[in-house]
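Here's the structure we're looking at; comments come further down.
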Amino acid sequence: MWAVAVHGGAGVVSKSIDTLPYVEGLDSALNCGIKRLASKGSALEAVVDAVESLEDNELFNAGRGSVLTEDGVAELEASVMEGKDLRCGAVCGLKTVKNPVKLARLVMQETPHIFLGFEAAEKFADKFPQAIERVSNSYFITERRMKQFQEAMAANQSNLIDHSYNAFPYKEPGSGGGEKGTVGAVACDIYGNVACATSTGGKTRKWSGRIGDTPVIGAGSYASNNSGAFSCTGHGEEFLRNNAAGFVSAAMEVGKLSLKDAVYELVHNRLKPDDGGIIAVSPTAEIVVDFNSLGMFHAFADSSGTRGFKIWHDI
Ligand code: ASP
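Written out as structure tokens, the structure is:
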């Protein structure tokens, strides 16, 4: 049995917008994961490939298309983790690395450390000219994000979650963009190993140097073969405060809750309404997705032929 799920951020998204491009983006990411898993690849390969494809898709808040800091630049972060041996890697403060998830994987595989940030992370990237593609910061900045940034500035708002645009006066009228956030993937391979990967541009007009939950192992991401693999999206400060992904894992491993109950406990009893959501997969290929925002773009598939996507709670 294998299983994979991907998300494109928690959020309030108008049902009147054309969601097809987002669904297609998630579908391609899902296919990247499926391709690996169905050909006996590892869960790690599946989640890295899936997230890389979402980083390259400018509709999502990761890689190209990331939101901007208060200084008007893209500052990216990502993490990966394997459930087999708790190996993990994370990066933050990146300004020139095209695919942060690939660098996070190299931190895991090629260093004695787990987390590299800012100049140190960029310097580490310099060591892998073949594997790690570099770009100028303008590569990440799309017209839509610049507009969003300017509107947030005009409204004097900062540290905004990507998905809250409809709740603010500077929402993008009729554009249909801007409501989706961070991207992530979780997978279980045929060997019963789980892995997760998460990547983000963070929050619009976040302080330069602000680090969210995404690269923090235990907050936005966690994976253990004793529980499952988890990737979160939403208000990073809340996921950090609640040690969100690690909480679900511990609730299962120590608290003996089922995957579904542990996820429910986090989303509905620990986090506050509209904080966001989580995708999860167990080492037995069970997929659980839950969120307390009105919507969360996600898609899932497994080896038994189950395949689907969901945006809002009722669809
Ligand atoms: N969790 C991310 C952060 O706070 C944002 C998101 O999920 O959209 O940086």
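Its first residue numbered 82, the sequence shown is counted upward by one per residue in the working numbering.
Cβ coordinates follow ideal geometry from the N, Cα and C atoms, glycine included.
None of these values were measured; they are calculated from a predicted model.
Could you pull the start and end residues of the alpha helix (DSSP H) that M234 belongs to? 224-235
Round the Cβ separation of V372 and V348 to the nearest angstrom and send it over; I've been treating them as touching at under 8 Å. Per the sequence shown, residue 372 should be read as Phe rather than Val. Their Cβ separation, rounded to whole angstroms, is 6 Å, which keeps F372 and V348 in contact under 8 Å.
Taking Cβ to Cβ, would you say E126 is nearer than 9 Å to K183? no
Output yes or no for whether 9 Å exceeds the beta carbon distance between R388 and L149. no
How would you call Y272, buried or exposed, if buried means at least 16 neighbouring beta carbons within 10 angstroms? exposed
Beta-carbon contacts of E319 that lie in its chain and below 7 Å, excluding the five residues immediately before and after: Cβ neighbours of E319 beyond the five flanking positions: L352, K353, D356.
How about the stretch 289-300 and the stretch 166-183: do they share at least three Cβ pairs that are nearer than 8 Å? Short answer: they touch.
Note down the Cα distance separating T192 from A235, rounded to an integer number of angstroms. Each residue's Cα considered, the two are about 43 Å apart.
Boundaries (first-last residue) of the alpha helix (DSSP H) holding I115: 101-119
First through last residue of the beta strand (DSSP E) which encompasses S312: 310-315
Using only the alpha-carbon positions, how far apart do Q238 and E158 sit? Distance between the alpha carbons of Q238 and E158 is about 22 Å.
On the CB-based measure, 16 or more other CB atoms within 10 Å of its CB, does M377 come out buried or exposed? buried
Under the three-state reduction of DSSP, which class applies to L175: helix, strand or coil? strand
If distances are taken between C-alpha atoms only, which option among N180, H194, Q231 comes closest to A212? Out of N180, H194, Q231, N180 has the C-alpha closest to the C-alpha of A212.
Between I360 and A86, how many whole angstroms is the CB-CB distance? I'm expecting something under 8 Å. Indeed, because the Cβ distance is near 4 Å, the residues count as touching under 8 Å.
Alpha carbon to alpha carbon, what distance is there between K165 and D130? 19 Å
Under 8 Å from any heavy atom of ligand 1, does the C-beta of C313 make it? Yes.
Quick one: grab the DSSP three-state call for K341. In this structure, K341 counts as helix in the three-state DSSP scheme.
Beta carbon of T150: closer than 8 Å to some heavy atom of ligand 1? no
Express the C-alpha separation of P364 and N307 in angstroms, rounding to a whole number. 8 Å
On a Cα-Cα basis, can you pick out the residue from M227, G262, T285 that is closest to N240? Nearest C-alpha to N240 among M227, G262, T285: T285.
C-alpha distance - A380 paired with L107, whole-angstrom precision: Their Cα atoms are separated by approximately 6 Å.
DSSP bridge partner residues for A84 (one or two, in chain order): C269, D383
Just tell me which of W83, Y103, S97 has its CA closest to the CA of K391. Y103
Please indicate yes or no: does the CB of A33 lie closer than 8 Å to some heavy atom of ligand 1? Because the chain is modelled from 82 through 396, residue 33 falls outside the range shown and cannot be assessed.
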